[in-house]
């Protein structure tokens, strides 16, 4: 009788663990913890990131990211925002202005990410984006080396961060 009770307890625990493992997989079915980023890329959550030092216009930076298999970085949450700022600082020892994938070039005031993901960025400072001087359709991080996302002219040349799904 005791061994039967022991078997039932072990079975219930096993089913509970199995259900928990399956539930975690269902939260993010595309993420495979065994995959790694290509050389030169850094893993965060289920994406790989790369800081590119070469100063380019926003459009040229996006073309480079696409050629590498990604896009300019989208920022779906505060954790990714903080991580991207850390990559910039680690790569340059400063918080220099850097392109990411936000733009409103299709329609003024309607922001999108270049990878097509939902634009739900909540970390704009008060007064931004402001389209100051008109034609500020692309998103940079670290204006004047501060924790300051900004809309600016897409023709400016600056380094950039690429992002690709793992």
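In mature numbering (1 follows the signal peptide of the UniProt record, and there is no 0), the protein residues as written are -23 to -1, 1 to 143.
Think of the CB as a built atom: it goes at the ideal place given N, C-alpha and C, for glycine as much as any other residue.
This structure is a prediction, so every number in the text was calculated from the model and none was measured.
According to DSSP, residues forming a beta bridge with residue 123: In DSSP, residue 123 forms no bridge with anything.
Inter-residue Cα distance where the pair is residue 124 and residue 118: 7 Å
Contact under 8 Å by Cβ, residue 120 with residue 77: no
contact_flag[the stretch 37 to 51, the stretch 78 to 95] where n(CB pairs < 8 Å) is 3 or more: yes
Straight-line gap, residue 96 to residue 73 (C-alpha atoms, nearest Å): Those two C-alpha atoms are separated by around 23 Å.
Close-in-space but distant-in-sequence residues of the same chain around residue 107 (CB under 8 Å, 5 per side omitted): For residue 107, same chain residues with a beta-carbon under 8 Å away, outside a window of 5 residues either side, are 113 and 128 in chain order.
Residue 22 versus residue 28 - alpha carbon distance: 17 Å
DSSP state of residue 23 mapped onto helix, strand, coil: coil
Inter-residue spacing [alpha-carbon to alpha-carbon] between residue 142 and residue 30: 21 Å
Rounded straight-line distance, which links the Cα of residue 109 to that of residue 82: 14 Å
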